[in-house]
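Protein chains in written order, with the numbering used here: chain Z, 1 to 252; chain E, 1001 to 1252.
Even glycine gets a Cβ: it sits at the ideal position worked out from N, Cα and C.
Okay, structure first, notes after.
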Ligand SMILES: [Ca+2]
Ligand SMILES: [Ca+2]
């Protein structure tokens, strides 16, 4: 793997903060350090591209960045020319299907892994940075041609990670139960480790270095081990080694 | 459509009730009326078939029914010989993928629609009775060859339907937002109406007659109309007419 530069937010909205606000410092340092002046925004997780673009432009322009909406251009050319890429949240299935429909999976992956183009993802945009979207919380409202995603890191992510609510009478699975169901699949399925990013978590990756940033702890699920709390500031570089990736018999 | 006989439970577990207990009377009347003595149980939504079978056997044997686990037989033959079919909850993606892997979609559908074999579903087992699983809450831990399901009714179901928690600081989508996202898909997608079954809801269908049973209200989402509360006892037969089904361009 070459030099991916990633800033993966659990969500853009965090209680008590404006849109992307909790991560403003990290985003600004990330883009400045990489001398970015224009960000290519991909709004495919939503159905209303134009109003989504306006929302994103309002924040990035305040910070001094230009934003281009990919839907206003030839998408493959826009990716080829991008200085930086931001994929926002919405529905992960709709996002992934649209990336496939527009033949963008390989081009985006190559720009990030080969050319070192900085990538910011939030929620669904963070899900698709992982090898697969098997650990999204979203409703499967459309059928993508595969659950394989951009595969920029060797583990899956569960954004909006949520602790069990002990006062709840609801009998649907907790988030932890859902991830353990995934890790408990029959042995013919190979699965990935899962990093549960609570709202307010940001995963920062620069080449071989990974660090948990943000304002909230994460929860790490290594298959066969008890889940583990990860404090803000923790070095997660060991998760980036390929030995943790197992995809022998991954379904598409 | 011929004579489907369906009892679709939102969930087997309901706060304050034992396994399947809230629906005991409805299940017993349903099976007795149809002169069932043995129920074919399909545990594919779970990874541990044997312990799941034991749990189901414990309850049905108390009621005087035999239970056969499909995994102990040739599955296609077991379906061909079934007096009644029960598909339990777990993970909807794992369930649907396994039904496809074992070539059971058509045989089960034919037994129910052509031969009038009574069908009981719970949670994931209720999701797969619908045209598609686009409205499951489950995590997409495996990739099924399609989201199209048994298609026994002309609308989708969201089991474990949950009202927004006004005290929550969590920013993930509410259930209603997720269903409205589905209905707000771009016009090239054709979508189904969605019946949100709160835990404790049971949808009873006998041919052209549909009634909401159980101990909790449901919430109905007709595309383009405001969501509507459905009280226990409401006649839902009008939902069974084919005019509500739109599947022009459904993705697989
Ligand atoms: Ca989402
Ligand atoms: Ca489930």
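For residue 35 of chain Z, does the count of other Cβ atoms within 10 angstroms reach 16, so buried, or fall short, so exposed? exposed
Interface partners of residue 1182 of chain E on chain Z, CB under 7 angstroms: What residue 1182 of chain E touches in chain Z: 139, 141.
If the cut is a Cβ gap below 9 angstroms, which residues of chain Z does residue 1136 of chain E touch? 139, 140
Which same chain residues end up closer than 6 angstroms to residue 220 of chain Z when comparing Cβ atoms and leaving out the 5 residues on each side of it in sequence? 195, 228, 230
Between the stretch 1162-1178 of chain E and chain Z, which residues of the former have CB atoms less than 9 angstroms from a CB of the latter, in chain order? 1162, 1165, 1168, 1169, 1170, 1171, 1172, 1173, 1175, 1178
Go ahead and label residue 1 of chain Z buried or exposed: buried means 16 or more other beta carbons lie within 10 angstroms of its beta carbon, across all protein chains shown. Note on residue 1 of chain Z: pLDDT 44, under 50, position unreliable in the model; no value is reported.
Any heavy atom of ligand 2 closer than 7 angstroms to the CB of residue 1123 of chain E? yes
For residue 1186 of chain E, which residues in chain Z fall below 7 angstroms Cβ to Cβ? 47
Any heavy atom of ligand 4 closer than 7 angstroms to the Cβ of residue 216 of chain Z? Summarising the ligand content, the structure contains ligand 1 and ligand 2 and does not contain ligand 4.
8 angstroms Cβ cut-off: residues of chain E touching residue 14 of chain Z: Near residue 14 of chain Z (Cβ distances below 8 angstroms), the residues of chain E are 1171.
Excluding five sequence neighbours on each side, which residues of the same chain lie with their C-beta closer than 6 angstroms to the C-beta of residue 24 of chain Z? none
Just to make sure I have the definition right: I need the residues of chain E whose C-beta is within less than 9 angstroms of the C-beta of residue 11 of chain Z. Which are they? 1171, 1172
CA-to-CA distance, residue 1135 of chain E to residue 1246 of chain E, given in whole angstroms: The predicted model places residue 1246 of chain E with a pLDDT of 46, which falls under 50 and marks its position as unreliable; any figure quoted below should be read in that light. Spanning the two alpha carbons is a distance of roughly 16 angstroms.
Relative to the alpha-carbon of residue 268 of chain Z, which residue among Z/203, Z/5, Z/101 has its alpha-carbon at the smallest distance? Residue 268 of chain Z lies beyond the stretch modelled for chain Z, which goes from 1 to 252, so this question has no answer here.
Checking 8 angstroms against the spacing of the C-beta atoms, do residue 87 of chain Z and residue 27 of chain Z come in under that value? Cβ atoms of residue 87 of chain Z and residue 27 of chain Z: not closer than 8 angstroms.
Residue 141 of chain Z by DSSP, collapsed to three states: which one? coil
If you draw a straight line from the alpha carbon of residue 116 of chain Z to that of residue 3 of chain Z, how long is it in whole angstroms? 6 angstroms
Within 8 angstroms (strictly less), CB to CB, does residue 1071 of chain E reach chain Z? Taking 8 angstroms as the threshold, the shortest C-beta distance from residue 1071 of chain E to chain Z does not fall below it.
Taking all protein chains shown into account, do 16 or more other C-beta atoms lie within 10 angstroms of the C-beta of residue 61 of chain Z, making it buried, or fewer, making it exposed? exposed
Hey, could you find the ends of the alpha helix (DSSP H) residue 1112 of chain E is sitting in? 1105-1115
Quick one: complete alpha helix (DSSP H) runs, 4+ long, within the stretch 49-95 of chain Z? 49-62, 75-81
Note down, in chain order, all residues in the stretch 70-96 of chain Z with a beta-carbon under 7 angstroms from any beta-carbon belonging to chain E. 91
Pick helix, strand or coil for residue 1234 of chain E, following the three-state DSSP scheme. Looking at residue 1234 of chain E - three-state DSSP - the assignment turns out to be coil, as it is neither helix nor strand.
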